[in-house]
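These notes concern the structure reproduced below.
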Amino acid sequence: MVTTNADSGTGSLRAAITLAAGNGTAVVDSIIFKITNTSRAGRTITLGEELPDLSSNLIIDGSTQAGYKIG
822 MVTTNADSGT GSLRAAITLA AGNGTAVVDS IIFKITNTSR AGRTITLGEE LPDLSSNLII
882 DGSTQAGYKI G
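My numbering numbers the first residue of the sequence shown as 822 and each following residue consecutively.
Here it is in structure tokens:
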């Protein structure tokens with residue numbers, strides 16, 4: 822679960838991808854978003870560097886984030 826727009830650390834997208842990758846490919850992992858600041862700036866994740874590789878059984882569901890559509 823992504824709970825922060827920070828680039829790294831607990832609750833970040835980077836941490837969620839790293840945790841999912843640790844499960845290997847035998848398990849289907851889902852990353853959902855529950856960032857409490859639902860403003861556009863509060864939901865924007867600015868990356869400081871490239872994200873880690875994604876495992877082959879990973880669902881990243883951006884539709885779980887509350888707030889108005891950005892795009």
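From the three backbone atoms N, C-alpha and C, an ideal C-beta is built for every residue, glycine too.
| request: Output the residue ranges of the beta strand (DSSP E) runs that lie fully inside the region 826–879 and measure 3 residues or longer, sorted by chain position. | output: 850–853
| message | I'd like to check one pair, I880 with S851: are the Cβ atoms closer than 7 angstroms? | response | yes
| said: Less than 7 angstroms between the C-beta atoms of G888 and D828, yes or no? | reply: no
| field | Assigned exposure category for R861 - 16 Cβ within 10 Å defines buried | value | exposed
| query | Would you call I838 buried or exposed, if buried means 16 or more other Cβ atoms sit within 10 Å of its Cβ? | reply | buried
| Taking T865 as the reference, which of A836, R835, I891 and G830 has the closest Cα? | I891
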